[in-house]
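Student:
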Amino acid sequence: MLFMLLDAINVVDITYNHKARDCKKVARCPKCAGSHDLKDCKATEKELKCVNCEETVSRLHLRIDTNRAAWDNDCPVFKRKMEIERNKVNFLE
């Protein structure tokens, strides 16, 4: 169900498929979703917040646990993006 809802939005608009230098949005920390660079983050393990999940929650009003860093392999937004990318690979070529 979550993957179907994530398909309803353009994942490019969240935080994937662009480079930081080309991004027009305010920088967000991948560890705590704050408006600072990772190198300046002081968040503890209990203060983790996934920026990808947080933006998905705010756009789609879903109930997704955001208590993880953006690089966490358990992130449902990350999992969906990886599934989309894997489906683009043609293993027969």
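Residue numbers for the sequence shown follow our numbering, so the first one is 105 and each next one is one higher. Yeah, the Cβ is synthetic: ideal placement off N, Cα and C, and Gly gets one too. On a predicted model such as this, the values are computed, not experimentally measured, just so you know.
#1: Does the separation of the CB atoms of C145 and K135 fall below 8 Å?
#2: Please go through the same chain and pick out, in chain order, the residues whose beta-carbon is closer than 8 Å to the beta-carbon of A131, but skip the five residues on each side of it.
#3: Of the choices F195, E151, C157, A137, whose alpha-carbon is the least far from that of N177?
#4: Using only alpha-carbon positions, find the residue among I188, C133, E151, F182 that is nearest to N171.
#5: Mind checking which residues open and close the alpha helix (DSSP H) that includes C157?
#6: What would DSSP say about N114, mapped onto helix, strand or coil?
Tutor: Let me lay it out:
#1: As a position in the sequence shown, residue 145 is number 41, starting the count at 1. As a position in the sequence shown, residue 135 is number 31, starting the count at 1. Less than 8 Å separates the beta-carbon of C145 from that of K135.
#2: Here the question's residue 131 lines up with position 27 in the sequence shown. Correct list, in chain order: A124, S139, H140, D141.
#3: Here the question's residue 177 lines up with position 73 in the sequence shown. Shortest Cα-Cα distance from N177 to any of F195, E151, C157, A137 involves C157.
#4: In the sequence shown, residue 171 corresponds to position 67, counting from 1. Taking each of I188, C133, E151, F182 in turn and checking the Cα distance to N171, the smallest one comes out for E151.
#5: Walking along the sequence shown from the start, residue 157 turns up at place 53. 155-164 is the extent of the alpha helix (DSSP H) around C157.
#6: Against the sequence shown, residue 114 aligns to sequence position 10. Residue confidence is low: N114 scores 42 on pLDDT, short of 50, so the model does not pin down where it sits. Its coordinate-derived value is still stated next. N114 falls in the coil class under three-state DSSP.
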